[in-house]
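Residue numbers (full-length UniProt numbering): 1 to 160.
We treat Cβ as the ideally placed atom computed from N, Cα and C, and that holds for glycine.
Fair warning: this is a prediction, and the values are worked out from it, not measured in the lab.
Take a look at the structure set out below.
Below you can see the structure in the form of structure tokens.
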């Protein structure tokens, strides 16, 4: 059974030592390495880095970074061997429960790469709505994204 817990220093070394992602997700590999999400978000005071623990094994991680105005940014990364096996939905759901447990959080937003239709479909099935598009620079290269968000009402209404 998967549950979320706060990250520890030991977890960071384990995650940075994960094998590379398969080719389909290769563009995401930077997030797990030095200078990636763990380094970036561990410096942010209002960011929770959560470990998806599956019977003592790290199945993935998620980030809920709270911002002013009741908004939180969401990121997720699974262990490369867990991709495509349904773990993403579970980790995303548990992360949203955590994010909305702070009653000041009204909206959770994310960006999803345009070349990742599987992730976009998952978020749509979870009742995220598309709010536009953007281009972000990732490792010096422009990358096209969809912007998506879910509010507390849509999340809990979908869960009812």
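Spatial neighbours of residue i within its chain, please: CB distance less than 8 angstroms, with the 5 preceding and 5 following residues excluded, ordered by chain position.
i: residue 58; result: 11, 14, 15, 51, 52 and 79
i: residue 93; result: 126
Is the CB-CB distance between residue i and residue j below 8 angstroms?
i: residue 99; j: residue 64; result: yes
i: residue 108; j: residue 120; result: no
i: residue 26; j: residue 20; result: yes
i: residue 76; j: residue 95; result: yes
i: residue 128; j: residue 153; result: no
i: residue 88; j: residue 122; result: yes
i: residue 56; j: residue 91; result: no
i: residue 7; j: residue 54; result: no
Use the C-beta contact count for residue i: other C-beta atoms within 10 angstroms, 16 or more gives buried, fewer gives exposed.
i: residue 82; result: buried
Leaving out the 5 sequence neighbours to the left and right, which residues in its chain are closer than 6 angstroms to residue i when beta-carbon positions are compared?
i: residue 139; result: 30
Please state the DSSP three-state secondary structure of residue i.
i: residue 16; result: helix
i: residue 75; result: strand
i: residue 9; result: helix
i: residue 33; result: coil
i: residue 95; result: helix
Below 7 angstroms CB to CB, which residues in the same chain sit around residue i once its five sequence neighbours on both sides are set aside?
i: residue 42; result: 49
Below 8 angstroms on the Cβ atoms is my guess for residue i versus residue j; work out the distance and round it to an integer in Å.
i: residue 114; j: residue 145; result: 6 angstroms
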